[in-house]
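A.B. asks: For the sequence shown, this note's numbering gives the first residue as 7, with consecutive numbering after it.
Note that beta-carbon positions come from the ideal geometry of N, C-alpha and C, so glycine has one too.
Quick caveat, the model's predicted, so the values are computed rather than measured.
Before I ask anything, let me first share the structure, which is written out below as structure tokens.
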Amino acid sequence: MDEHNPSRRAALGALALGTAAAAAVTASTTTASASTPEEFTKRGSIAIGVVSGVPPFGIVNERGEASGYDVDVANLIAKYMGVKAEITALAPPARIPALQAKRVDLLVATLGPTPERAKTIVFPMPYSAFRMSIMGANDLAAKSLADLAGKRVAVPRGSPQDTTLTRMAMPGTNIVRFDDDAICAQAVFSRQVDAAALPDTTVNQILGQNKGANAELKFAFALQPNSMAVRKDQMELHQWLNNTIWFMKNSGELDEISKKWLNAPLPELPVF
């Protein structure tokens, strides 16, 4: 399996714009000093980090405000806590560092609860999911992972797609690692690779921004649950979030958010 580390990063439509726009979003300047639900209630606010540049989970609207699936969930969490949500938009690599540095109290930021990440932060039960999918050139005959044996498949380095495809790939699949989703997609467009493993939401957004591109979504191969995240010293908040996520699932509120942003009902999610 190859390691590929390009020196020049390719930009793709809204993905690149979304990442740049994240810096322009007005972010909370509150120091994350509280750690329990009772303390947040007394303070009257909770600083929540959301992802930016990952449509439809994190986008910037026409007014320069953070919007998307995760913002709706963050505001719902704050509503049940009875406090104001102070939203901070974060590029994907900045999510966990912002939590660890106490710049935010909580992440609602489309994080895959991987064992590696769980060494340093704590995940409540998942609140959303996307499907890991294969995007390939139009003439690529691929309907399952077995059809990718002998092919070069791009993945974002260290992502859930990287971990899952590495485990599930058939012998002979040549996994090529790039820095992010946009570069993986560009590698497909330029025929550096035969296919890329990306979230289905990302594939749909990329293809929508690149009409006429010689690529299409081939098939989904796994469901990726997404979790919120807290620090290890916030176990009271962790337990409160588990209770609240369970309640929001049963009330149908998370299902409504999924239908709004993904045009699909909330799938069955694991509980832990």
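1. Taking the Cβ atom as the reference point for each residue, do Lys157 and Thr179 lie within a distance shorter than 9 Å?
2. Are the segment 229-240 and the segment 120-139 touching by the rule of at least three beta carbon pairs closer than 8 Å?
3. If we call anything under 9 Å between Cβ atoms a contact, is Leu96 one with Val128?
4. Which whole runs of the beta strand (DSSP E) in the segment 222-273 are 3 residues long or more, in chain order?
5. Start and end of the alpha helix (DSSP H) containing Thr120?
6. Have a look at Val66, Gly55, Gly88 and Glu71 and flag the residue whose alpha-carbon is nearest the alpha-carbon of Lys48.
7. Going by beta-carbon coordinates alone, are Gly214 and Pro166 separated by less than 9 Å?
8. Determine the direct distance from the alpha carbon of Ile181 to that of Ala270, and round the result to whole angstroms.
9. Apart from the five residues on each side of it in sequence, which residues of its chain come closer than 8 Å, Cβ to Cβ, to Lys149?
10. Classify Gly258: buried if its beta carbon has 16 or more other beta carbons within 10 angstroms, exposed otherwise.
11. Buried or exposed: which applies to Met174, given that a residue is buried once 16 or more other Cβ atoms fall within 10 Å of its Cβ?
12. From what residue to what residue does the alpha helix (DSSP H) around Leu171 run?
13. Roughly how many angstroms lie between the CA atoms of Pro132 and Pro276, to the nearest whole one?
14. Taking the DSSP output, what are the residues bridged to Ala148?
15. Do Glu242 and Thr42 have their beta-carbon atoms positioned less than 9 Å apart in this structure?
16. Give me the residue from Arg237, Ala203, Ala84 and Lys238 with the minimum Cα distance to Ala221.
17. Within the continuous beta strand (DSSP E) that includes Ala95, where are the two ends?
18. Any chance the segment 108-124 sits against the segment 191-200, with 3 or more Cβ pairs inside 8 Å?
19. Expressed to the nearest angstrom, what Euclidean distance is found between the alpha-carbon atoms of Ala33 and Tyr86?
20. Would Lys52 and Lys90 be called neighbours here (beta carbons separated by less than 9 Å)?
21. Alpha carbon to alpha carbon, what distance is there between Ala40 and Pro99?
22. For Leu151 and Val161, I'd like the C-alpha separation in whole angstroms.
23. Nearest-angstrom Cα distance between Arg163 and Asp187?
24. Are the CB atoms of Leu268 and Pro130 within a distance shorter than 9 Å?
25. Since I believe Thr116 is in contact with Asp76 (beta carbons under 8 Å), could you give me their beta-carbon distance rounded to a whole number of angstroms?
26. From Val79 to Asn216, what distance separates their C-alpha atoms?
27. On the DSSP letters alone, give me the boundaries of the alpha helix (DSSP H) that Phe195 sits inside.
28. Which complete beta strand (DSSP E) runs does the segment 40-103 hold, if anything under 3 residues is left out?
29. Does DSSP put Asn216 in a helix, in a strand, or in coil?
C.D. replies: A quick look at the data gives this:
1. Result yes, Cβ atoms of Lys157 and Thr179 sit closer than 9 Å.
2. yes
3. Judged by their CB atoms, Leu96 and Val128 are not nearer to each other than the 9 Å cut-off.
4. 222-235
5. From DSSP, Thr120 is part of no alpha helix (DSSP H); its letter is neither H nor E.
6. Gly88
7. no
8. 30 Å
9. In its chain, beyond the 5 residues on either side, Lys224 and Phe225 have a beta carbon closer than 8 Å to the beta carbon of Lys149.
10. exposed
11. It counts as exposed.
12. First-last of the alpha helix (DSSP H) with Leu171: Pro166 to Met174.
13. Distance between the alpha carbons of Pro132 and Pro276 is about 7 Å.
14. Beta bridge pairing from DSSP links Ala148 with no other residue.
15. yes
16. Ala203
17. Lys90 to Leu96
18. Here the segment 108-124 does not lie against the segment 191-200, with fewer than 3 beta-carbon pairs under 8 Å apart.
19. Below a pLDDT of 50, predicted positions are generally treated as unreliable, and Ala33, at 42, falls in that range; no measurement from the model is reported.
20. Position check: residue 52 holds Ile in this sequence, whereas Lys was assumed. Cβ distance < 9 Å, so Ile52 and Lys90 count as in contact.
21. 24 Å
22. Approximately 14 Å, taken between the alpha carbons.
23. 9 Å
24. no
25. That pair is a contact at about 6 Å.
26. Rounded to the nearest angstrom, the two C-alpha atoms are 29 Å apart.
27. Element bounds for Phe195: Asp187 to Phe195.
28. 51-57 and 90-96
29. coil
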